[in-house]
Structure formats: C-alpha cells, structure tokens
Amino acid sequence: MKFFKYLDNSWHQPVFVLRLAVLFWLSIGIVLPEPVSAVDFQTVLDKAEALAAEPYQEPRPVPKFMRELSYSQYQDVRFDPDKSLWRESKSRFQVMLLPPGLFYGHAVTINIVDSQGSHPLPFKRDLFTFNDPGLEKRIPSDLGYAGFKLTYPMHTDEQQNQFLVFAGASYFRSVDKDNTFGLSARGLALDTGLPSGEEFPSFVEYWLIRPSPRAEVMKFFALLDGKSMTGAYAVTITPGPVTTIPDKAKIFARTQLKLPGIAPLTSMFFYGENTSRPQGEWRRQVHDSDGLLIHNGVSGEWLWRPLLNPKTLQTDAFATENVRGFGLLQRDGDFRDYLDAEAQYHNRPSAWVEPLGDWGKGQVTLVQL
Numbered sequence: 001m002k003f004f005k006y007l008d009n010s011w012h013q014p015v016f017v018l019r020l021a022v023l024f025w026l027s028i029g030i031v032l033p034e035p036v037s038a039v040d041f042q043t044v045l046d047k048a049e050a051l052a053a054e055p056y057q058e059p060r061p062v063p064k065f066m067r068e069l070s071y072s073q074y075q076d077v078r079f080d081p082d083k084s085l086w087r088e089s090k091s092r093f094q095v096m097l098l099p100p101g102l103f104y105g106h107a108v109t110i111n112i113v114d115s116q117g118s119h120p121l122p123f124k125r126d127l128f129t130f131n132d133p134g135l136e137k138r139i140p141s142d143l144g145y146a147g148f149k150l151t152y153p154m155h156t157d158e159q160q161n162q163f164l165v166f167a168g169a170s171y172f173r174s175v176d177k178d179n180t181f182g183l184s185a186r187g188l189a190l191d192t193g194l195p196s197g198e199e200f201p202s203f204v205e206y207w208l209i210r211p212s213p214r215a216e217v218m219k220f221f222a223l224l225d226g227k228s229m230t231g232a233y234a235v236t237i238t239p240g241p242v243t244t245i246p247d248k249a250k251i252f253a254r255t256q257l258k259l260p261g262i263a264p265l266t267s268m269f270f271y272g273e274n275t276s277r278p279q280g281e282w283r284r285q286v287h288d289s290d291g292l293l294i295h296n297g298v299s300g301e302w303l304w305r306p307l308l309n310p311k312t313l314q315t316d317a318f319a320t321e322n323v324r325g326f327g328l329l330q331r332d333g334d335f336r337d338y339l340d341a342e343a344q345y346h347n348r349p350s351a352w353v354e355p356l357g358d359w360g361k362g363q364v365t366l367v368q369l
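Counting in the working numbering, the sequence shown runs from 1 upward without gaps.
Have a look at this one:
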C-alpha cells in the first residue's frame, strides 16, 4: 500500500480537516546535479535556466466563468476515456486530459515527444463530454488543459486503470494496483509554515515521451515556474504492486530562497486510534495517513511520529544527516479499522521517499495545521 518516490541528491488538495506537509529542509544551501546527457532533459534545463533570468510572469488565467464553476459543474465536464492518447495503438500507457476551471486557474502546455519530434498538444473540445450544453458553447477554442492522468492495465490487459495525476500547482498523486487515491506529493515546497505565507510554484509545461505499446515504464519531463525560482524535472514511472517514481531535478533561483523543502508530501488526518473520536462520528478513524516514518542516515535509527489534529499550527523538525528515507504511511489496511465503504480509507496509499545519494545535513519537518 505505497508508492515510492526516489530522488537523486540534486537540488533540485484534497484537505479535509487538517493539511499536513512533510518536507526535507536543507541546511547547506543548493546542491546542483551532475550534468545530464539526455538531450530532452537538457532542453528543459536550458529553458528553466533562461526563464529564471527573466522576471516572473503569472500564467494567463482561464476565463472567469470557468474559475467560478461549482464542484458539481466542474465534475460534469468529463474527458472521454475512449479518446485517450495512444489508445489507437493499444498502448499499455494512455493519457487522459483534465480541463482547467474551479481549482485549476490556468492551463499548462503539454508536449508529445515521439518519432516525429516534439509537438504541443492542441486543445480539442470534443475530447470532453458536457452535461450542460450552455457551458459547452462558452468553452473557447484555446482553453487548454489543466494537467493529465496516466492509465495502465494494473489488473487485466482489457481494463485501463488511472494510477497517476499531475494537476494543480506542482501537485501529483499516484497509487499502486490495490489502492485508491489519497495523499499528494509536490515538486517543491517554499516557505511552508512561515508567517509570511507559502509560495506555490506550478508545473507549467510537460513533455510526455510516447512509450512503445508494450512498455512497462514511461518517462516525461516537466518545467516548474514560480515567483522565486524555476525548475526542470525528469520523471520515470513504473506502475505495479508498488508504483515507483524515480526523478531528478534542478532548481534555478530568481531570488534568495528562504525555506525550500525537497520532496514534500501533503495528506489529511482528522482523527485516528491515537486521538479521541469527535462527538457524533461513527467511523473508527478518518485519515489518509496516520504517521510520519523517518530512517536516519548516520545512526540508522527509525523514528515514528503519529499524526495529530492540532487546533493551531504545529511544526516538528527532526534533524538528520544523509537521511535514508522518510514518508507518510497509512498503516491500517482493514475496512474494519475505518468502517467507511465510500471513502475507503483502508485502501489509501503510503508514500516513501528514498534519496539517491547523500543529501548531507538537514531536517525532516512535519507541519500540521
């Protein structure tokens, strides 16, 4: 019940009652990655570096009426799975597209990299179904996409299953073959928990490398942009019993970064076996994750910290050197631990981050609010 996220030593919401952020804070500044020979990734690196030298520009917002859609109205705009990218070749990996609107205030650029080169994916209104004909007529021809979902036959070759979503700021979520979506990861966290407020950079452009039809691994690149920095990311996805997401990244600062956090995870905790049950609640537990696990690099010590639902902001920092791993876990995997057939908290995934290389001195920080 986990997806793994591996990162090299490069420097690269569904929030119910409590928003958690787990981050690794570096105390020694920015460590740049080794040169990468892959031409496609180098292209993204060059673009991120050039972008960092320019003043930040807010992404062009989608029309106001799209941003003001209610949740149910947005849900009524549905991508047609039969029109997934690469379905015609019976590819194991297929791509579904997300419309902007509601939480997604701007579109992103999605490029497809194949034998013909790299080309942007144009917006097509007929890829979606609309329950409201009036809304469909108002959709501009250049609306764009908010992000994408990847599907893969996790159980049988006849059925595609969603297992990865990239949409909204730098958020992404993944599951393995037996889970439902739960906690999220992010490309980068900036100033989490500070009184000055948190900055949320966004993935603004993607390059999806078309895999062979029978491929079991897929790769893509992403460009991150924010007021304080830009970044280039290379991601490799392997879905399965444990979905693994090795990636590498390089960050270019526009300004001095106050509190950057690598490999942030965001989850939800309402109450659990270590807290009292709110009055009127019949479910035994309600959470996407129930604790933070840290594997210290020097001592080899394992540290477990149960999650709480504090009334005010609570920050806990755990000093570490060359941390071997950390993550948010959902340990209880039995329906009887929750008794919620709709939310299926017993099927929510865990996320575990393992650095590829030495990260040096820093701290894993748990922010609960």
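A virtual CB, placed ideally from N, CA and C, is assigned to each residue, including glycine.
By the DSSP assignment, the beta strand (DSSP E) with residue i in it spans what residues?
| i | result |
| --- | --- |
| M229 | 229-237 |
| L223 | 218-225 |
| W302 | 302-306 |
| G144 | From DSSP, G144 is part of no beta strand (DSSP E); its letter is neither H nor E. |
| T244 | 243-253 |
| R173 | 171-174 |
| H295 | 291-295 |
Three-state secondary structure (DSSP) at residue i?
| i | result |
| --- | --- |
| P349 | coil |
| M154 | coil |
| L371 | Because the chain here runs from 1 to 369, residue 371 falls outside it and cannot be looked at. |
| E64 | The amino acid at residue 64 is misidentified as Glu; the sequence shows Lys. Three-state result, K64: helix. |
| A341 | coil |
| P81 | helix |
| R277 | coil |
| F203 | strand |
| R87 | helix |
| E354 | strand |
| S37 | In this prediction, S37 scores a pLDDT of 32, lower than 50, which makes its location untrustworthy; no coordinate-derived value is stated. |
| K177 | coil |
| Q94 | strand |
Per DSSP, residue i forms a beta bridge with which residues?
| i | result |
| --- | --- |
| Y74 | Per DSSP, none; premise fails for Y74. |
| T315 | V367 |
| N111 | P120, W207 |
| R186 | Y171 |
| Q162 | T151 |
| P260 | L190 |
Out of the options, which one is the CA nearest neighbour of residue i?
| i | options | result |
| --- | --- | --- |
| Q368 | Q314, Q75, Q73 | Q314 |
| S70 | F79, G300, D132 | D132 |
| W359 | N309, A263, V235 | A263 |
| F65 | E354, L292, F252, F103 | F103 |
| L51 | L223, Y152, V108, D176 | L223 |
| D126 | K258, V165, G101, K83 | K83 |
| K177 | V108, I294, H155, A53 | H155 |
Just checking my contact of residue i with residue j at CB under 8 Å: how many whole Å lie between their CB atoms?
| i | j | result |
| --- | --- | --- |
| D114 | R210 | 4 Å |
| A232 | V44 | 4 Å |
| N163 | P239 | For the sequence presented, residue 163 should be read as Phe rather than Asn. Between P239 and F163 the Cβ distance is about 5 Å, and since that is below 8 Å, they are a contact. |
| A351 | A185 | 6 Å |
| P63 | P122 | About 18 Å; that fails the 8 Å criterion. |
| P201 | L183 | P201 to L183, Cβ: 20 Å. No contact. |
| T266 | L308 | Not confirmed; about 16 Å, so no contact. |
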